[in-house]
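*Asks:* Numbering (my numbering), first residue to last: 209 to 658. We put the beta carbon where it would ideally sit given N, CA and C, even for glycine. The structure presented is a predicted model; accordingly, all values stated were derived computationally and were not measured. Have a look at this one.
Okay, structure coming up:
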């Protein structure tokens with residue numbers, strides 16, 4: 209019959225004078241067997257210098273084993289070289305030739321447990337993901353027929369917000385993003401056509417070795433050349449002749465000619481690429497320009513230290529209030545929020561999360577505004593907290609700035625959901641933003657701001 213569970217019982221190390229008489233001296237590991245199409249996989253022993261003879265099977269004696277009322281509960285006493293494998297229908301007590309070999313067997317079964325648990329977790333996550341994606345797809349018609357025609361009023365409904373938080377249906381995501389970002393700068397197709405032609409002419413010259421078309425943009429173009437190959441490399445569509453490489457260059461270089469005094473800011477290619485996955489070139493350009501000159505993006509792009517500083521200070525206070533011990537550990541390592549938060553915010557986490565995760569973060573950012581990004585940052589730090597506490601200063605920096613954080617969507621958003629920002633902090637943030645917004649002269653400084 210198929211193996212359903214495996215129990216490994218092995219006695220803990222005790223002084224020779226202490227007789228092994230209590231169950232506190234017995235450790236137990238429960239190992240679900242790895243099954244494939246209804247059959248249990250064979251538990252091949254590890255490759256070790258094990259004697260060719262089959263390990264002796266210990267006789268069952270009432271003095272050695274006593275069953276309790278529970279089906280799987282046992283009190284057992286074993287010699288140091290023994291272990292017991294208990295399946296659903298039977299059990300087998302084995303004696304290893306040496307302590308080393310017995311430890312190797314135990315290690316082998318631990319690996320089976322870990323591998324099987326990993327497989328089960330992957331299957332569970334995949335199942336939940338499939339169910340969530342199906343629910344999102346089922347909302348496409350609702351978005352198309354009920355929400356989008358009356359978007360300004362419907363976006364405030366509790367049910368719409370609930371659907372939105374789970375993720376916008378891919379078929380309508382472009383329409384929702386375009387509506388939320390808006391076009392307060394009044395970018396027309398004619399205006400886009402002008403800068404697009406300039407960018408195209410400069411690129412044509414550059415291909416023949418003439419860089420005169422990029423006057424005062426040489427440094428920006430150097431950054432663009434470095435970052436485009438690093439933009440969603442797993443998709444293979446934005447570089448090396450991929451189908452969207454030229455489109456990405458069109459959007460970025462058009463922006464450079466539209467705002468030459470700002471130029472290219474590291475991470476901008478990720479924002480443009482994300483937009484191109486759902487919008488056409490013109491829509492992507494309009495969204496990029498309006499998004500980068502709204503909310504917190506403007507001060508960060510133009511390196512306005514005062515407006516950047518109060519946001520870093522606010523997040524530092526929030527981190528101290530949420531994770532006081534970890535916050536003190538980071539301060540002891542001389543790690544300040546600006547060292548990692550700048551890149552997170554400038555790329556809307558697109559550079560540091562998987563595409564699927566980043567897309568859902570964007571959806572929620574467009575719903576809840578800038579405050580959601582701080583909750584996301586705290587959620588990510590929460591998931592990294594154990595590693596951060598064990599790491600030195602260099603290790604902490606690597607963890608916080610690594611290119612890609614390998615986290616599951618369900619786990620990350622559960623972590624974000626548990627982060628509740630106290631009302632005094634929200635009031636403080638709104639007051640600070642209002643004060644600094646009044647001091648700005650940028651006419652495009654609108655939202656999403658909440």
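What three-state label does DSSP hand residue 301 in the structure shown?
*Replies:* If DSSP states are grouped into helix, strand and coil, residue 301 belongs with the strands.
*Asks:* Given that a residue counts as buried once 16 or more other Cβ atoms are within 10 Å of its Cβ, and exposed if not, what is residue 423?
*Replies:* Residue 423 comes out exposed.
*Asks:* Note down the Cα distance separating residue 373 from residue 575, rounded to an integer number of angstroms.
*Replies:* Roughly 8 Å between the two C-alpha positions.
*Asks:* Please classify residue 487: does DSSP put it in a helix, a strand, or coil?
*Replies:* DSSP places residue 487 in coil when its eight states are reduced to three.
*Asks:* Locate the alpha helix (DSSP H) running through residue 383, then write down its first and last residues.
*Replies:* Taken as a continuous stretch (DSSP letters only), the alpha helix (DSSP H) holding residue 383 covers 378 to 389.
*Asks:* Suppose contacts are defined by Cβ-Cβ distances below 8 Å. Is residue 592 in contact with residue 627 by that definition?
*Replies:* No.
*Asks:* What's the call for residue 560, buried or exposed, on a 16-neighbour Cβ count within 10 Å?
*Replies:* The residue in question, residue 560, is buried, as its Cβ has 16 or more Cβ neighbours within 10 Å.
*Asks:* Which partner residues of residue 604 appear in the DSSP bridge assignment?
*Replies:* Answer by DSSP bridge pairing: none, since residue 604 is not bridged.
*Asks:* Which residue from 522, 543, 601 puts its Cα closest to that of residue 632?
*Replies:* Of 522, 543, 601, the residue nearest in Cα terms is 522.
*Asks:* Run through the stretch 508 to 567 for me and flag every whole alpha helix (DSSP H) of 4 or more residues, listed as ranges in chain order.
*Replies:* As far as the stretch 508 to 567 is concerned, its whole alpha helix (DSSP H) runs of at least 4 residues are 513 to 530, 532 to 540, 546 to 554.
*Asks:* Could you tell me which of 475, 516, 462, 505 sits nearest to residue 492, measuring between CA atoms?
*Replies:* The residue with the shortest Cα to Cα distance from residue 492 is 462.
*Asks:* Beta carbon of residue 601, beta carbon of residue 547: below 8 Å?
*Replies:* Cβ distance not < 8 Å, so residue 601 and residue 547 don't count as in contact.
*Asks:* Locate the alpha helix (DSSP H) running through residue 424, then write down its first and last residues.
*Replies:* Here residue 424 belongs to no alpha helix (DSSP H), and DSSP marks it neither H nor E.
*Asks:* What's the C-alpha gap between residue 446 and residue 531?
*Replies:* When rounded, the distance between both Cα atoms is 38 Å.
*Asks:* Within 10 angstroms of the Cβ of residue 642, are there 16 or more other Cβ atoms? Answer buried if so, exposed if not.
*Replies:* Label assigned to residue 642: exposed.
*Asks:* One question on the structure: do residue 428 and residue 464 come within less than 8 Å of each other, judged by their Cβ atoms?
*Replies:* Yes, the Cβ-Cβ distance between residue 428 and residue 464 is below 8 Å.
*Asks:* Look at the alpha carbon of residue 528 and the alpha carbon of residue 451, and state the distance between them as a whole number of angstroms.
*Replies:* The alpha-carbon atoms of residue 528 and residue 451 are separated by roughly 45 Å.
*Asks:* Would you grab the beta carbon distance between residue 421 and residue 410 for me? Rounded to a whole angstrom, and I think it's under 8 Å.
*Replies:* That belief holds up - the Cβ atoms of residue 421 and residue 410 are roughly 3 Å apart, short of 8 Å.
*Asks:* Would you kindly check if the distance between the Cβ of residue 629 and the Cβ of residue 583 is under 8 Å?
*Replies:* Yes, the pair counts as a contact, with Cβ atoms nearer than the cut-off.
*Asks:* If you count every other CB in all the chains shown that lies within 10 Å of the CB of residue 556, and 16 or more means buried, which is it?
*Replies:* Its Cβ being crowded by 16 or more others within 10 Å, residue 556 is buried.
*Asks:* Roughly how many angstroms separate the alpha carbons of residue 435 and residue 494, rounded to a whole number?
*Replies:* Each residue's Cα considered, the two are about 21 Å apart.
*Asks:* Applying the 10 Å Cβ sphere with the 16-neighbour rule, what's the burial state of residue 610?
*Replies:* Exposed, because fewer than 16 other Cβ atoms sit within 10 Å of the Cβ of residue 610.
*Asks:* Any chance you could list the alpha helix (DSSP H) runs of at least 4 consecutive residues sitting entirely within the stretch 424 to 500, in chain order?
*Replies:* Taking only runs of at least 4 residues, the alpha helix (DSSP H) segments lying wholly in the stretch 424 to 500 are 426 to 435, 453 to 466, 476 to 484, 489 to 500.
*Asks:* Out of 538, 570, 550, which one is the CA nearest neighbour of residue 598?
*Replies:* It is 538.
*Asks:* Give me the Cα-Cα distance between residue 589 and residue 608, rounded to the nearest whole angstrom.
*Replies:* Straight-line Cα distance between these residues: approximately 8 Å.
*Asks:* Going along the chain, which residues of its own chain have a beta-carbon closer than 6 Å to the beta-carbon of residue 359, five neighbours each way excluded?
*Replies:* Counting only Cβ-Cβ distances below 6 Å, and skipping sequence neighbours, we find 387.
*Asks:* Can residue 534 and residue 596 be called in contact, C-beta distance under 8 Å?
*Replies:* Contact flag set, yes.
*Asks:* Between residue 474 and residue 431, how many whole angstroms is the CB-CB distance? I'm expecting something under 8 Å.
*Replies:* Contact holds; Cβ gap of about 6 Å.
*Asks:* For residue 644 versus residue 515, is the C-beta distance shorter than 8 Å?
*Replies:* Cβ atoms of residue 644 and residue 515: closer than 8 Å.
*Asks:* Given a cut-off of 8 Å, decide if residue 501 and residue 393 are closer than it, judged by their beta-carbon atoms.
*Replies:* Yes, the pair counts as a contact, with Cβ atoms nearer than the cut-off.
*Asks:* Measuring CB to CB, does residue 558 end up less than 8 Å from residue 482?
*Replies:* Yes. Within cutoff.
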